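Asks: Here it is, the structure, as structure tokens.
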Amino acid sequence: MTTASITTAPIPVIVNGATGKMGREAIKAIAAAEDMVLIGALARNPALLGQDIGEVLGYGALEVPITNDKEALFAMGSQQPEVPVVLDLTHPAVIYENVRAAIATAFSPSSARRA
Ligand SMILES: NC(=O)c1ccc[n+]([C@@H]2O[C@H](COP(=O)([O-])OP(=O)(O)OC[C@H]3O[C@@H](n4cnc5c(N)ncnc54)[C@H](OP(=O)(O)O)[C@@H]3O)[C@@H](O)[C@H]2O)c1
0 MTTASITTAP IPVIVNGATG KMGREAIKAI AAAEDMVLIG ALARNPALLG QDIGEVLGYG
60 ALEVPITNDK EALFAMGSQQ PEVPVVLDLT HPAVIYENVR AAIATAFSPS SARRA
């Protein structure tokens, strides 16, 4: 008989489009959740690169610097003990490309779309 193992470690999450309307709400929810931990925040604005995403959004320090280096962030995420989720909240025109890049590093991509 096999027994399914249940992990209690928080799910690591990377948010792409971190400073957009959906991104900031997602990060607020992740920061408040006990079963998720934000490990990456992707944004395009060069003025924000390297800044703490929590401080930029007014949530207090989350110790996650904003980056625009998707490949490096995915590579870091792929080294996590738990498989990260990539939450893509950018734009429909680029989500497919982003999901492909996430899948290439064995992530669990997710994106929001209007019904
Ligand atoms: N708002 C809603 O009520 C709602 C509901 C359901 C689903 N959605 C979906 O959620 C996603 C985000 O919507 P939103 O309302 O949060 O939009 P938003 O406020 O415009 O935020 C989009 C974010 O993605 C970034 N972004 C846009 N185009 C990009 C690209 N080509 N490459 C990389 N980053 C890019 C933007 O960066 P910059 O700041 O540099 O432009 C911004 O930070 C969309 O797919 C939308 O259809 C939105």
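Residues in the sequence shown are numbered consecutively from 0, following numbering that gives the first Met the number 0. Note that the Cβ used here is the ideal one computed from N, Cα and C, for glycine as well. These numbers come from a predicted model, not from an experiment.
(1) Please go through the same chain and pick out, in chain order, the residues whose beta-carbon is closer than 6 Å to the beta-carbon of VAL36, but skip the five residues on each side of it.
(2) Count the other CB atoms within 10 Å of the CB of ILE29; is the residue buried (16 or more) or exposed (fewer)?
(3) Do ALA40 and LEU86 have their C-beta atoms closer together than 7 Å?
(4) Checking 7 Å against the spacing of the C-beta atoms, do ARG43 and ASN67 come in under that value?
(5) What number of angstroms, rounded off, separates the C-alpha of ALA96 from the C-alpha of GLU81?
(6) Comparing the CB of MET75 with every heavy atom of ligand 1, is any distance shorter than 6 Å?
(7) List the residues that DSSP assigns as beta-bridge partners of MET115.
Replies: Reading off the structure:
(1) PRO9 and PRO11
(2) buried
(3) No, Cβ-Cβ distance for ALA40 and LEU86 is not below 7 Å.
(4) yes
(5) It is Glu, not Ala, that sits at residue 96 in the sequence shown. One C-alpha to the other measures close to 23 Å.
(6) no
(7) This structure does not reach residue 115, given that the chain is present from 0 up to 114, and the question cannot be answered.
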